[in-house]
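As given, the protein sequences belong to chains A and B, one line each in that order. Residue numbers for the first sequence follow our numbering, beginning at 15 and rising by one. Residue numbers for the second sequence follow our numbering, beginning at 61 and rising by one. Even for Gly, the Cβ is constructed at its ideal location relative to N, Cα and C. Working notes, beginning with the structure itself.
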Amino acid sequence: DAGVIQSPRHEVTEMGQEVTLRCKPISGHDYLFWYRQTMMRGLELLIYFNNNVPIDDSGMPEDRFSAKMPNASFSTLKIQPSEPRDSAVYFCASTPRPRSGNTIYFGEGSWLTVV
Amino acid sequence: GQSLEQPSEVTAVEGAIVQINCTYQTSGFYGLSWYQQHDGGAPTFLSYNALDGLEETGRFSSFLSRSDSYGYLLLQELQMKDSASYFCALSSVSSASKIIFGSGTRLSIRP
Chain A
15 DAGVIQSPRH EVTEMGQEVT LRCKPISGHD YLFWYRQTMM RGLELLIYFN NNVPIDDSGM
75 PEDRFSAKMP NASFSTLKIQ PSEPRDSAVY FCASTPRPRS GNTIYFGEGS WLTVV
Chain B
61 GQSLEQPSEV TAVEGAIVQI NCTYQTSGFY GLSWYQQHDG GAPTFLSYNA LDGLEETGRF
121 SSFLSRSDSY GYLLLQELQM KDSASYFCAL SSVSSASKII FGSGTRLSIR P
């Protein structure tokens, strides 16, 4: 299995530009999570989906952030407009059944720098 | 809500044993997990405790005490490659599969 695939791996963009991060979860995993990691705030859960439906988006920082999952094999996290404080590593993760302790599989992350 | 607390840094000597603690606050959860993250890498799963007690996986063991709202990760026979950040995580009953992570403990190992 190829694992969780994220793109781009690195992105540098100017403040005000739109950023789109992409994720392909592991086939058969019903849950998909988007996390943001910074030195100051650690690993923050932004939003998660179950069977392509957003379940909890309470971690999304503000309206500039949006996430979609149009099908079981693809999700996007969009920031519009981007700001320097959005600079972070964004991880996508998937799992078949989180409640019983199934492993959460993380992608390699998208390293975003907004200048 | 729920929260998990960990020490920010721990230092140990190669070959020794180290314990990384995690205290949590939650109204109910399914179990406590541990993840390892090397610099520049992604978190990877290490261990999971659904019940109180000790779970052993090779050099790594994890412990949970629900009555004390406390768990720990024990690393034995430390190797230099164990230098990494370690996170505890839980899935809250009240939040329908929402998985949150502690702030992480950076483990530094000296020769």
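Rounded to whole angstroms, what is the Cα-Cα separation between residue i and residue j?
i: residue 121 of chain A; j: residue 171 of chain B; result: 31 Å
i: residue 22 of chain B; j: residue 138 of chain B; result: Any answer about residue 22 of chain B is impossible in this case: the structure gives chain B only from 61 up to 171.
i: residue 90 of chain A; j: residue 145 of chain B; result: 27 Å
i: residue 18 of chain A; j: residue 38 of chain A; result: 6 Å
i: residue 76 of chain B; j: residue 140 of chain B; result: 11 Å
Between the options, which lies nearest to residue i when the distance is taken from Cα to Cα?
i: residue 117 of chain A; options: A:125, A:123, A:124 and A:108; result: A:108
i: residue 132 of chain B; options: B:74, B:72 and B:82; result: B:82
i: residue 118 of chain B; options: B:136, B:129 and B:101; result: B:136
i: residue 160 of chain B; options: B:86, B:80 and B:72; result: B:86
i: residue 142 of chain B; options: B:162, B:73, B:163 and B:127; result: B:73
i: residue 169 of chain B; options: B:98, B:65 and B:64; result: B:98
i: residue 80 of chain A; options: A:48, A:57 and A:87; result: A:48
i: residue 68 of chain A; options: A:96, A:85, A:123 and A:76; result: A:85
Return the chain-ordered list of same chain residues with a C-beta closer than 8 Å to the C-beta of residue i, the five sequence neighbours on each side being excluded.
i: residue 45 of chain A; result: 62, 63, 64, 108, 109, 110, 111 and 112
i: residue 89 of chain B; result: 62, 150, 151, 152 and 153
i: residue 92 of chain B; result: 82, 84, 108, 109, 122, 124, 131, 148, 149 and 150
Measure the CB-CB distance between residue i and residue j and report whether it falls below 7 Å.
i: residue 106 of chain B; j: residue 120 of chain B; result: yes
i: residue 55 of chain A; j: residue 104 of chain A; result: no
i: residue 59 of chain A; j: residue 73 of chain A; result: yes
i: residue 165 of chain B; j: residue 103 of chain B; result: no
i: residue 25 of chain A; j: residue 126 of chain A; result: yes
i: residue 79 of chain B; j: residue 167 of chain B; result: no
Please report the Cβ distance between residue i and residue j, rounded to the nearest whole angstrom; I am assuming they are in contact, meaning their Cβ atoms lie under 8 Å.
i: residue 33 of chain A; j: residue 82 of chain A; result: At roughly 14 Å, the Cβ-Cβ gap does not stay under 8 Å, so residue 33 of chain A and residue 82 of chain A are not in contact.
i: residue 158 of chain B; j: residue 70 of chain A; result: 5 Å
What residues in its chain sit with their C-beta under 6 Å from that of residue i, if we drop five residues either side in the sequence?
i: residue 36 of chain A; result: 21 and 90
Spatial neighbours of residue i within its chain, please: C-beta separation below 7 Å, excluding the five flanking residues on both sides.
i: residue 52 of chain A; result: 102
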